[in-house]
Amino acid sequence: PRPVDSKSYGRRIRYIWEVVDYGRYATIAEWNPATDSFRVDFSNSVVLDKIAARIAKTKEEVIAEVERRAALLRRLTENKVIEIRDIAREIYSYYSNPEQVLRKYGLRARAIQVPVGEPAPMSESMEVRESEAIKAEAPSTWSEGADEEDKVAESILNILREHEGAYPLWRIFVEAPVSKITVFKALKKLRESGKVEVSRSIIRLKES
């Protein structure tokens, strides 16, 4: 391990696995003792496969997004942005306008190169089936309507009421079948109206 305060002992996580199935694991990261660093390989990740399928992206695009977020977190650390409130502000800003936040910290979105040719044209019947499948997967808790922002805000309140007034913030962004910008604006409305508060990555209901 790398010496700390002139002492050469320490602890390291040696491997990070994903559980694929009973008795089956995929190695995602492995500690290299020679360099005291991690070798990370997301190509085996089944979790990223599922995320890519759910949000209709390629796995390469999802991995690139993970790398961008990791680079941003490293840059926040380098710039001494360590208070929870400051970190949350930058993360919310990233959800709203990622390119602007990346530029702010001297980072830029790397172009994704996806192999293989043009996608095959989709027939009208395929488009209909795919549209129906996406609607079927969306959680029934989420409302839809003309004023999407207010509907999402109401859906968030319903989720909090169903879960004893508290829910992980990241799950709101992942589960909402709308854009992250819409979720961000809905959360902002709820916070400004005093109906919710966000603390330690948990959104909590404040209304009586």
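Going by my numbering, the sequence shown opens with residue 296, and the numbers climb by one from there.
Even for Gly, the Cβ is constructed at its ideal location relative to N, Cα and C.
All values derive from a computational prediction rather than experimental measurement.
Item: With 16 other Cβ atoms within 10 Å as the buried cut-off, status of valine 315; Value: exposed
Item: Contact between the segment 374-382 and the segment 352-361 (3+ Cβ pairs under 8 Å); Value: no
Item: Contacts around lysine 480, its chain only, beta-carbon distance under 6 Å, and the 5 residues preceding and following it disregarded; Value: Glu444
Item: C-beta neighbour in chain B for serine 391, strict 8 Å; Value: In the structure shown, chain B cannot be found, because there is only a single protein chain.
Item: Residues of its chain near glutamate 439, where Cβ-Cβ distance is below 7 Å and the 5 sequence neighbours each way are ignored; Value: Summary for glutamate 439: the model assigns pLDDT 48, below 50, so the residue's position carries little reliability; its value from the coordinates is reported in the next sentence. Correct list, in chain order: Lys446.
Item: Where the beta strand (DSSP E) through threonine 322 begins and ends; Value: 319-327
Item: Span of the alpha helix (DSSP H), counted from its first residue to its last, around isoleucine 386; Value: 379-391
Item: Inter-residue Cα distance where the pair is valine 271 and glycine 489; Value: In the structure displayed, the chain extends from 296 to 503; residue 271 sits before or after that span and is not available.
Item: Cα-Cα separation between leucine 371 and tyrosine 320, rounded to whole angstroms; Value: 32 Å
Item: Close beta carbons around isoleucine 350, own chain, < 8 Å, minus the five adjacent residues each side; Value: Val357
Item: Through-space distance from arginine 466 to leucine 500, alpha-carbon basis; Value: 15 Å
Item: First through last residue of the alpha helix (DSSP H) which encompasses arginine 499; Value: No alpha helix (DSSP H) contains arginine 499, which is instead part of the beta strand (DSSP E) from 497-500.
Item: Cut-off 6 Å between Cβ atoms - residues of its own chain near tyrosine 462, not counting five sequence neighbours on either side; Value: Ile454, Leu455 and Ile498
Item: Simplified DSSP assignment, three categories, for glutamate 419; Value: Low confidence applies here, because glutamate 419 scores a pLDDT of 39, under 50, leaving its location unreliable; read the following figure in that light. Glutamate 419: helix per DSSP, three-state reduction.
Item: Assigned secondary structure, serine 338 (DSSP; H/G/I helix, E/B strand, else coil); Value: helix
Item: Under the three-state DSSP convention, the category valine 473 falls into; Value: coil
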